[in-house]
Amino acid sequence: MVEFLSFRDGDAGQEPAVTVEAFTGQSNATAVRIEPSDDARELLPYLDRISMIEVNFPGFGDGRGYSAARILREAGYVGELRAVGDVLVDQIVAMRRCGFDSFHPDKALDDDAVARALDRYQDVYQKTTDGRSPIWAKRHPEPADG
Amino acid sequence: MYRYDSYDQAIVDARVEDFRDQVQRRLTGALTEDQFKPLRLMNGLYLQLHAYMLRVAIPYGTLSAAQMRVLGGIARRYDKGYGHFTTRQNLQYNWIKLEDAPDILAELAKVEMHAIQTSGNCIRNISSDQYAGVAADEVADPRPWAELLRQWSSFHPEFTYLPRKFKICVIAADDDRAAMRLHDIGLKLVKRDGAIGAEVYAGGGMGRTPMVAPLIRDFVAEDEIVAYLEACLRVYNRYGRRDNKYKARIKILVHELGADEYRRQVEEEYAHMRTLGLNPPREELARIRAFFADPAYEDGLSDTVDRSDPAFALWIDQNVAAHKQPGYAIVNVSLKPAGGIPGDATAEQMELIADLAERHSFGELRVTHAQNLVLPHVKKADLYTIWQALDAVGLAEANLDLITDIIACPGLDYCSLANARAIPLAQKIAERFADTRRQRDLGELKLKISGCINACGHHHAGHIGILGVDRRGVENYQLLLGGSGAEDASLGQITGPGFSEDGVVDAIEKVTDIYVAEREAGERFLDTYRRIGMKPFKEALYG
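Written as structure tokens, this is what we have:
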């Protein structure tokens, strides 16, 4: 079983995350925690000084954190993006696609199940910021330059 | 028809193994029912009153003869020998064992079918016009766009845990045969200055708070629809209500914000989405469109049909529609035989229809939201042969769009949400109006029954709608008049206090009597109701 899962090079952020309200107030913190009702766009002016954003999923069925993650990545955020809370093995793939690169679930995950899930789907239909080439792009490769 | 390439097939095959793994974990107890529920729901498996129900996706209601044959085989092998076609153009099996579900999915995958996202709070199967590609009045065949959206919505990483389920419909004709404006998002393809694009409607739906979707954008270019929908969905995913599941559909968000404010937020998001390269290239749409090219119609066929058999002539007049190609016709196969269960088909019936499609309709079939089937490309010279074959298995009922062509949900006979039975009531109504001449005299009359407020039987959109409720432990039926799911979309109004099961059959008769007495030349029931209003009907019912 695995308590913490990271797809990043180097150490995971250790600094305790502060709320969006505290952060946008006057904090010098470099780690922020987003709750489902927070607007991730409030963080966009400060992305260059944030090293870790954790997105809380109080219940697995509340999918607002997926949008928050994509918004941050689409805005160019390159720091750690961590999913915390009720994060289940069957959600890791979609979360990775939305830009999460570390996971700290309430309940430890089965490593084998995670590995199987990540390995299962070779291709994807949508373009996101995760760098994977969608199926439509593979069907119609760009002609090589020159 | 669209055919999978190796990418599409690999995804569906992987999903089978994924689900097999999940079922295995459930059967061994590694997953609790609470943990398993969202996983099985994402794959169309519901725990109903008596057994598991599996809902199979029929994308935009188009299927091949080979697929229909497999659906029949599954009904025989894993169910009780029949299946149920739904108002979402899908097929449901009502008596499935959990341990069989992975094998069923594997059989479906062999004929390019799946149950992906047929339930759960995600983007559901895309629905469309059952006459797509064969109707003379469409600006283009809407199915290439529907297929593009099927792929885009499959395992969409951001929109898998929406506030509530999400239904998208694509049509391309002025005649709306798919209840487009009663969907969470409805797209109507239109032509502007020679270019194809979509009108986008958002926030329609039935359920306990029915709404007709307002127009949100009057034109999105045909190759920018994906990015625009991403914007529509993102606004909904972020701001749709999650505090109350009965207020969680997008219709509530659009209603509470107002269409203008929702539109403003979507436009803002869209301005951002457009920069991300989310739209598949035109070549991809062209690739998909090639699969929907016309079949090899014969030229120079006669439009003359021998009508000397009166029962056949009646069936032609009622169930056969005009085809864009001279010498061809569209055949509607009614799944509403007198005394039958609306939308049900036996394994044998499915197989016979598959044979007919193979021999007489270029191997293609459609499912309609009114729970009937369509043979879309039939030579007029073959109509009599087809009619005889259908008649032999009880499928030649000549009642399309008549009062006995009833839409009904499974109701309390199957569904764990229902408050009242819908099927036996549909059968009683069909019996009361069994006289063909009487039905035809009443003309187009769309009667729709839901066994609870969730409105799976589309009662809000019925010219006559019936809603089953539970009144102190007794089934009670409310009557609604004046709804429409067509291009003149409207929501039915409740007449007043409800009726018992037999009482509501009498009430329908009184209502149709008023129509017959009051109608002017050429008026359908709905037209007369709209002209004279509720009052005369109310007086007849309660006066």
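Protein chains in written order, with the numbering used here: chain S, 1 to 146; chain Z, 147 to 689.
The beta-carbon is built from N, C-alpha and C at its ideal position, and this holds for glycine as well.
Quick caveat: nothing in here was measured; it's all calculated off a predicted structure.
- Please name the residue, chosen from Z:PRO288, Z:LEU519, Z:ALA367, that lies closest to ALA436 of chain Z on a Cα-to-Cα basis. With distances taken between Cα atoms, ALA436 of chain Z lies closest to Z:PRO288.
- Is there contact here, the region 524-544 of chain Z with the region 477-484 of chain Z, by at least three beta-carbon pairs under 8 Å? In short, these stretches touch, since the Cβ pair count reaches three.
- Own chain residues within Cβ distance below 7 Å of VAL412 of chain Z, not counting five before or after: Around VAL412 of chain Z: ILE362, ALA377, CYS378, VAL381.
- At which residues does the alpha helix (DSSP H) containing LYS592 of chain Z begin and terminate? Counting along the chain, no alpha helix (DSSP H) covers LYS592 of chain Z, and no H or E run does either.
- LYS397 of chain Z to MET326 of chain Z span [Cα, whole Å]: Roughly 14 Å separates the two Cα atoms.
- Task: Can you tell me which of the three DSSP states SER152 of chain Z falls into?
- Result: Of the three classes helix, strand and coil, the one that applies to SER152 of chain Z here is helix, per DSSP.
- Task: With a 10 Å radius around its C-beta and 16 neighbouring C-beta atoms as the bar for buried, classify THR178 of chain Z as buried or exposed.
- Result: Counting C-beta atoms within 10 angstroms of its own C-beta, THR178 of chain Z has fewer than 16 neighbours from the protein chains shown and is therefore classed as exposed.
- Within the chosen definition, does the region 596-610 of chain Z reach the region 559-567 of chain Z through at least 3 CB pairs nearer than 8 Å? Yes: the two stretches touch, three or more of their Cβ pairs being nearer than 8 Å.
- Task: Alpha carbon to alpha carbon, how far is GLU444 of chain Z from ILE242 of chain Z? Give it in angstroms, no decimals.
- Result: C-alpha separation (whole angstroms): 43 Å.
- Message: Distance check for GLN585 of chain Z and ALA475 of chain Z, CA to CA, integer angstroms please.
- Response: A direct Cα-Cα distance of roughly 23 Å separates ALA475 of chain Z from GLN585 of chain Z.
- Task: Taking ALA572 of chain Z as the reference, give the member of Z:LEU422, Z:VAL524, Z:VAL650 with the closest Cα.
- Result: Distances from the alpha-carbon of ALA572 of chain Z to those of Z:LEU422, Z:VAL524, Z:VAL650 put Z:VAL650 closest.
- Task: Could you name the residues of chain S that ALA156 of chain Z contacts, counting a contact when the two beta carbons are closer than 9 Å?
- Result: Result: TYR121, GLN122, ASP123.
- Message: Within 7 Å of any Cβ in chain Z, is that where the Cβ of GLY61 of chain S sits?
- Response: Yes - at least one Cβ of chain Z is within 7 Å of the one on GLY61 of chain S.
- Query: Buried or exposed: which applies to ILE204 of chain Z, given that a residue is buried once 16 or more other Cβ atoms fall within 10 Å of its Cβ?
  - Reply: For ILE204 of chain Z, the number of other beta carbons within 10 angstroms of its own is at least 16, and it is reported as buried.
- Query: If you pair each beta-carbon of the region 276-286 of chain Z with each one of the region 313-324 of chain Z, do three or more pairs fall below 8 Å?
  - Reply: Touching, yes.
- Host alpha helix (DSSP H) of LEU251 of chain Z (start-end): Element bounds for LEU251 of chain Z: 247-256.
- Task: With a 10 Å radius around its C-beta and 16 neighbouring C-beta atoms as the bar for buried, classify GLN263 of chain Z as buried or exposed.
- Result: In the assembly as shown, GLN263 of chain Z is a buried residue. Its beta-carbon has 16 or more other beta-carbons within 10 Å.
- Query: What does GLY260 of chain Z reach in chain S if we use C-beta pairs closer than 9 Å?
  - Reply: The sequence as given places His at residue 260 of chain Z; Gly does not occur at that position. What HIS260 of chain Z touches in chain S: nothing, since even the nearest Cβ is about 13 Å away.
- Message: Let's test the definition: count the other Cβ atoms within 10 Å of the Cβ of MET496 of chain Z and tell me whether it reaches 16, buried, or not, exposed.
- Response: With a threshold of 16 other beta carbon atoms within 10 Å, MET496 of chain Z meets it and is buried.
- Query: For LEU548 of chain Z, which residues of its own chain have a beta-carbon under 6 Å away from its beta-carbon, when the five flanking residues on both sides are left out?
  - Reply: Only GLN585 meet the Cβ criterion.
- Message: Strictly below 8 Å CB to CB, what residues from chain S border TYR153 of chain Z?
- Response: Ordered by position in chain S, the residues that pass the 8 Å Cβ test against TYR153 of chain Z are ASP123, ILE135, LYS138, ARG139.
- Would you identify the three-state DSSP class for GLU636 of chain Z, choosing helix, strand or coil? The sequence shown places Ser at residue 636 of chain Z, rather than the Glu named in the question. Correct three-state label for SER636 of chain Z: strand.
- Query: Ends of the alpha helix (DSSP H) at ARG186 of chain Z?
  - Reply: For ARG186 of chain Z, the uninterrupted alpha helix (DSSP H) segment begins and ends at 179-187.
- Mind checking if TYR382 of chain Z is an interface residue toward chain S, Cβ cutoff 7 Å exclusive? By this cut-off, TYR382 of chain Z is not an interface position.
- Under 7 Å between beta-carbons, which chain Z residues line up against GLY67 of chain S? List them in chain order, please. With the sequence shown as reference, residue 67 of chain S is identified as Ser, and Gly is not the correct amino acid for it. Going along chain Z in sequence order, the residues near SER67 of chain S (Cβ under 7 Å) are GLU304, ARG380, ASN383, ARG384.
- Item | Rounded C-alpha distance that separates ALA300 of chain Z from TRP291 of chain Z | Note on residue identity: the sequence assigns Ser, not Ala, to residue 300 of chain Z. Distance between SER300 of chain Z and TRP291 of chain Z, taken at the CA atoms: about 14 Å.
- Item | Counted within 10 angstroms of its Cβ, other Cβ atoms place ASN390 of chain Z as buried (16 or more) or exposed | Exposed.
- Taking THR128 of chain S as the query, report the chain C residues whose CB atoms sit under 9 Å from its CB, ordered along the chain. This model lacks chain C altogether, as its protein chains are S and Z.
- Any contact of the region 211-226 of chain Z with the region 488-495 of chain Z, i.e. 3+ C-beta pairs under 8 Å? Flag = yes, the region 211-226 of chain Z and the region 488-495 of chain Z touch.
- Message: Just to make sure I have the definition right: I need the residues of chain Z whose C-beta is within less than 8 Å of the C-beta of GLU74 of chain S. Which are they?
- Response: Residues of chain Z passing the Cβ test: HIS418, LEU422.
- Rounded straight-line distance, which links the Cα of TYR307 of chain Z to that of MET52 of chain S: Their Cα atoms are separated by approximately 24 Å.
- Message: Which residue marks the beginning of the alpha helix (DSSP H) containing ILE499 of chain Z, and which one marks its end?
- Response: 493-506 is the extent of the alpha helix (DSSP H) around ILE499 of chain Z.
- Item | Beta-carbon separation (whole angstroms), VAL158 of chain Z vs PRO248 of chain Z, contact threshold 8 Å | Not confirmed; about 13 Å, so no contact.
- Partners in chain S for GLN411 of chain Z, counting only beta-carbon separations shorter than 7 Å: Neighbours of GLN411 of chain Z on chain S: none; closest Cβ ~12 Å, over 7 Å.
- Item | Reference GLU430 of chain Z; option with closest CA among Z:ASP440, Z:TYR347, Z:GLU293, Z:GLY638 | Here the closest residue by C-alpha is Z:GLU293.
- Run of the alpha helix (DSSP H) containing ASN213 of chain Z, from where it starts to where it stops: Just to set this straight, residue 213 of chain Z is Gln in the shown sequence, not Asn. Per DSSP, the unbroken alpha helix (DSSP H) holding GLN213 of chain Z starts and ends at 211-224.
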